[in-house]
Amino acid sequence: MSIEMVLGSLFNDLITGDAANNVLIGLAGDDALDGGLGFDTASYQNAASAVTVSLAAGTASGGAGNDTLVRIEQLIGSAYADTLTGDSADNTFMGGADNDMLDGGGGARRGQLRVGVRRGGG
Numbered sequence: 003m004s005i006e007m008v009l010g011s012l013f014n015d016l017i018t019g020d021a022a023n024n025v026l027i028g029l030a031g032d033d034a035l036d037g038g039l040g041f042d043t044a045s046y047q048n049a050a051s052a053v054t055v056s057l058a059a060g061t062a063s064g065g066a067g068n069d070t071l072v073r074i075e076q077l078i079g080s081a082y083a084d085t086l087t088g089d090s091a092d093n094t095f096m097g098g099a100d101n102d103m104l105d106g107g108g109g110a111r112r113g114q115l116r117v118g119v120r121r122g123g124g
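Just so we're aligned: 100 in this note's numbering is position 98 of the sequence shown, and the numbers increase by one with no gaps anywhere.
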């Protein structure tokens with residue numbers, strides 16, 4: 003059995019992906035999200051308020067608790083004014099409906115942005 007999307011709980015979760023492309027959604031609580039191999043996504047679409055996520059630091063904070071991130075290449079923001087920062091790898095960002103700050107870090111990046119600011123790093 004292969005499960006590509008995992009939804010956490012309202013508590014502290016440890017979610018680990020596999021070799022496929024996974025979507026990891028921790029929800030509330032202080033979660034540890036490890037994408038494993040593949041091109042993996044951390045989604046904050048369900049966050050209760052804005053999130054600040056740094057793939058370079060491996061951290062996320064704000065409306066979905068304080069998460070640690072490992073081997074994540076793609077970020078999906080919340081419906082609020084998020085700050086999403088990449089790392090030296092190739093990253094993809096999908097901002098939400100509010101004014102988001104997207105910073106690509108040092109790698110190649112792709113972003114989808116409705117309203118807000120996008121800044122490439124590197």
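Glycine is no exception: its CB is placed at the ideal position from the N, C-alpha and C atoms.
- Looking at THR61, ASP89 and GLU75, the one whose alpha-carbon comes closest to that of VAL25 is GLU75.
- Between the beta-carbon of SER90 and that of GLY107 there is about 6 Å, and that keeps the pair under the 8 Å contact cut.
- DSSP places ASP36 inside the beta strand (DSSP E), whose first and last residues are 34–36.
- Under the criterion of beta carbons closer than 8 Å, GLY64 and GLY31 do not qualify as touching, at roughly 13 Å.
- Put simply, of ASP15, ASP84 and ALA58 the residue whose alpha carbon is nearest the alpha carbon of ALA50 is ASP84.
- With a minimum length of 3 residues, the unbroken runs of beta strand (DSSP E) contained wholly in the stretch 60–119 fall at 61–64, 69–72, 76–78, 85–87, 93–96, 101–105 and 111–114.
- In the three-state scheme derived from DSSP, where H, G and I count as helix and E and B as strand, SER56 is classed as strand.
- Here ASN93 is buried, its C-beta having at least 16 other C-beta atoms within 10 Å.
- Following the DSSP letters along the chain, one finds ILE5 in no beta strand (DSSP E), marked with neither H nor E.
- Taking the Cα positions, ASN48 is about 6 Å away from SER80.
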